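Beneath this line is the structure, given in structure tokens, with notes to follow.
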Amino acid sequence: MSDDEIVDRLTQVRGIGRWTVEMLLLFDLGRPDVWPVDDYGVRKGFAKTFGRRKLPTPKELMKHGEKWRPYRSVAAWYFWRALDGSR
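For the sequence shown, my numbering assigns the number 189 to the initial residue and increments by one for each residue that follows.
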């Protein structure tokens, strides 16, 4: 199944949203091209990495993420790590 098919199928279950499925794809299924644009940590890490005061919108992140395709999962991981030790 493709990532989109998994998202579509699992989000039909009450209480399971897109973010939950994206984390499953990333951490349990090891999919290489998951780009969780609604994740606060990814948004905050992106802002810190690029010296922005405001968090990017999911739409902005989607646009920026195109350059990291097909390895956007790696980019997400680096943005999370950018926050290690941050306050």
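Beta carbons: idealized from backbone N, C-alpha and C, even for Gly. All values derive from a computational prediction rather than experimental measurement.
DSSP places Ser261 in the helix class (H, G or I) of the three-state scheme. Between Arg219 and Ser261 a beta carbon distance of about 6 Å is seen, short of the 8 Å cut, so the two are scored as contacting. In this structure the stretch 190-198 does not touch the stretch 243-252; the number of beta carbon pairs closer than 8 Å is below three.
The residue among Arg240, Gly273, Met211 and Arg231 with its C-alpha nearest the C-alpha of Phe267 is Arg231. Counting only the Cα atoms, Gly253 lies some 24 Å from Gly273.
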